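*Asks:* Residues -22 to -1, 1 to 274 (mature numbering (1 follows the signal peptide of the UniProt record, and there is no 0)) make up the sequence shown, in order.
We put the beta carbon where it would ideally sit given N, CA and C, even for glycine.
Bear in mind the structure is a predicted one, so any value in this text is a computation, not a measurement.
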Amino acid sequence: MPCFIILVFLLIRCFIFTSSSCQSDRNQDHRPRVSCVGQGLTAVPQGIHTDTQVLVLTGNQFTSLSWSMYSGFTELHELDLSHNNISTLQPPGPVLEKLSVLRLSGNMLTGLGGLVFRCAPSLMEIYLDRNQIGSLQNDTFSDLPRLEVINLSQNKLPVLPPRLLDLVSSSSLKTFDLENNSVSLMPDGFFSSKPELPYVYLTHNPWLCSCAVGYLHSFLNDQEHNIYMHEGLYNIISAADSVLCSGPPHLLRRPIIELEGSDFCPPDPPHPSGDQYTKPCCILSDLEHPRVVPTN
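1) Does DSSP put I235 in a helix, in a strand, or in coil?
2) Helix, strand or coil: which one does DSSP assign to V22?
3) Can you find the residues in the same chain that come closer than 6 Å, C-beta to C-beta, to residue 317, ignoring five residues on each side of it along the sequence?
4) Report yes if the CB atom of W185 is closer than 7 Å to the CB atom of S224, and no otherwise.
5) At the level of alpha carbons, what is the spacing between N62 and L87?
6) Can you tell me the Cβ-Cβ gap for L156 and L180, rounded? I've got them flagged as a contact below 8 Å.
7) Figure out for me which residue from N129, S78 and G91 has the closest Cα to the Cα of N109.
8) Restricting to Cα atoms, I'd like to know which of V22, H8 and T153 is closest to C14.
9) In angstroms with no decimal places, state the Cα-to-Cα distance between I64 and S83.
10) Which first and last residues belong to the beta strand (DSSP E) in which Y105 is found?
11) Within its chain, find whatever has a CB closer than 6 Å to the CB of R81; leave out the 5 residues flanking it on each side and keep chain order.
12) Does the distance from the CB of V12 to the CB of T28 come in under 7 Å?
13) Hey, A218 and L198: beta-carbon distance below 7 Å or not?
14) In whole angstroms, what is the alpha-carbon distance linking P69 and V94?
15) Could you compute how far the alpha carbon of S131 sits from the alpha carbon of D246?
16) Specify the secondary structure class of F242 as computed by DSSP and reduced to three states.
17) Starting from the Cα of N116, find the closest Cα among L77, V191 and G92 and give me that residue.
18) Could you name each continuous beta strand (DSSP E) segment of 3 residues or more that falls completely within the stretch 171 to 242, going from the start of the chain to the end?
19) Helix or strand or just coil, what does DSSP make of S46?
20) For S120 and G89, which I take to be in contact (beta-carbon distance under 8 Å), what is that distance rounded to the nearest angstrom?
21) Go through its chain and collect everything with a Cβ distance to R231's Cβ below 6 Å, but skip five positions before and after it.
22) So, is D107 buried or exposed, given that buried needs 16 or more other C-beta atoms within 10 angstroms?
23) According to DSSP, simplified to helix, strand and coil, what is I64?
See the structure below:
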């Protein structure tokens, strides 16, 4: 009887693991990888080895990112939760010391608070594209000293926190992707703390070309060699001249980099220097002192 119970227990464990149909292999960097794709999962399946370095959970039904759910994977280097239903990041919990790549593309995030990634201090790449993100905080990406990639493309950001990059402590940031959002104004000095980012994506935003576009105009001219756009799924092209005005109407679809300062910020018209109009003296005289015609 004890042997039968043990056998049943082992069969159950085997069923729990194999029913998830997870696949084990190694990625291009030869890291141990487990992929559990499109299985309707809401939690990490049991039985996955704790030394897994790449965990792919795309196309499932996760609704939040719970840091504690992955605390047992002490070697975890990359976590891919793309194309789930994640709308919240739970408050920071156990520290995931080795997590370097976090993929949250194609979820339902609408906003990110401050320091939301601080329990993964080794993060180098954060992919947040194709969400519904409409707000960030200045310190959303703070306390990440190794950060190299921030991908915010295809979201709904209307404004950028003015100190967002200033509070990124990493000196290794290489990519800032803002393509396909709703930003109309670049805050003055936004890139001043990271003046030589090799890959900046700014196309497909409704840039308003008023006097306030002056900073962006200067940045594009100074960093033309570092401005790119996506072409298809995998290609990128140099594209400083694809950052276009959405208004006012006379500048619609004009490349910002090709404008002159007077195009978007014309000088004020001269102000009148006092009232220079003098009424004719004869008319004044007649109006103020009408003649009296003598009568007989």
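*Replies:* Inspection of the coordinates gives the following:
1) Counted from its first residue, the sequence shown places residue 235 at position 257. Here I235 sits in helix by DSSP.
2) Counted from its first residue, the sequence shown places residue 22 at position 44. Three-state DSSP puts V22 in coil, outside helix and strand.
3) Because the chain in this structure spans residues -22 to 274, residue 317 falls outside the shown range and cannot be described.
4) Taking the sequence shown and counting its residues from 1, the one referred to as residue 185 is at position 207. Taking the sequence shown and counting its residues from 1, the one referred to as residue 224 is at position 246. It is a contact, given that the beta carbons lie within the stated cut-off.
5) The residue you call residue 62 lines up with position 84 of the sequence shown. The residue you call residue 87 lines up with position 109 of the sequence shown. One C-alpha to the other measures close to 10 Å.
6) For the purposes of this step, residue 156 is identified with residue 178 of the sequence shown, where counting begins at 1. For the purposes of this step, residue 180 is identified with residue 202 of the sequence shown, where counting begins at 1. With a Cβ gap of about 6 Å, L156 and L180 count as contacting.
7) Position 131 of the sequence shown holds residue 109. When each option's Cα is compared against that of N109, the closest is N129.
8) Working through the sequence shown from its first residue, we reach residue 14 at position 36. When each option's Cα is compared against that of C14, the closest is V22.
9) Residue 64 sits at position 86 when you count from the first residue of the sequence shown. Residue 83 sits at position 105 when you count from the first residue of the sequence shown. Taking the straight line from one Cα to the other gives about 10 Å.
10) Counting from one through the sequence shown, the residue named residue 105 turns up at place 127. Counting along the chain, the beta strand (DSSP E) containing Y105 begins and ends at E103 to Y105.
11) Counting from one through the sequence shown, the residue named residue 81 turns up at place 103. So the qualifying residues of the chain are D58, S60 and Y105.
12) Along the sequence shown, one-based indexing puts residue 12 at 34. Along the sequence shown, one-based indexing puts residue 28 at 50. Contact flag unset, no.
13) Stepping through the sequence shown from its first residue, residue 218 is reached at position 240. Stepping through the sequence shown from its first residue, residue 198 is reached at position 220. Result yes, Cβ atoms of A218 and L198 sit closer than 7 Å.
14) Within the sequence shown, residue 69 is the residue found at index 91, counting from 1. Within the sequence shown, residue 94 is the residue found at index 116, counting from 1. The straight-line gap from Cα to Cα measures roughly 7 Å.
15) The residue labelled residue 131 in the question sits at position 153 within the sequence shown. The residue labelled residue 246 in the question sits at position 268 within the sequence shown. Spanning the two alpha carbons is a distance of roughly 37 Å.
16) Counted from its first residue, the sequence shown places residue 242 at position 264. F242 falls in the helix class under three-state DSSP.
17) The sequence position of residue 116 within the sequence shown is 138, counting from 1. N116 has its Cα closest to that of G92, out of L77, V191 and G92.
18) 177 to 179, 205 to 209, 213 to 216 and 223 to 225
19) Locating residue 46 in the sequence shown gives position 68, counting from the first residue. Looking at S46 - three-state DSSP - the assignment turns out to be helix.
20) In the sequence shown, residue 120 corresponds to position 142, counting from 1. In the sequence shown, residue 89 corresponds to position 111, counting from 1. With 8 Å as the limit, S120 and G89 do not qualify as a contact, their Cβ atoms being about 16 Å apart.
21) In the sequence shown, residue 231 corresponds to position 253, counting from 1. Once the five neighbours on either side are set aside, the close Cβ partners of R231 are L222.
22) Residue 107 sits at position 129 when you count from the first residue of the sequence shown. The residue in question, D107, is buried, as its Cβ has 16 or more Cβ neighbours within 10 Å.
23) Sequence index remark: in the sequence shown, residue 64 carries index 86 (1-based). Here I64 sits in coil by DSSP.
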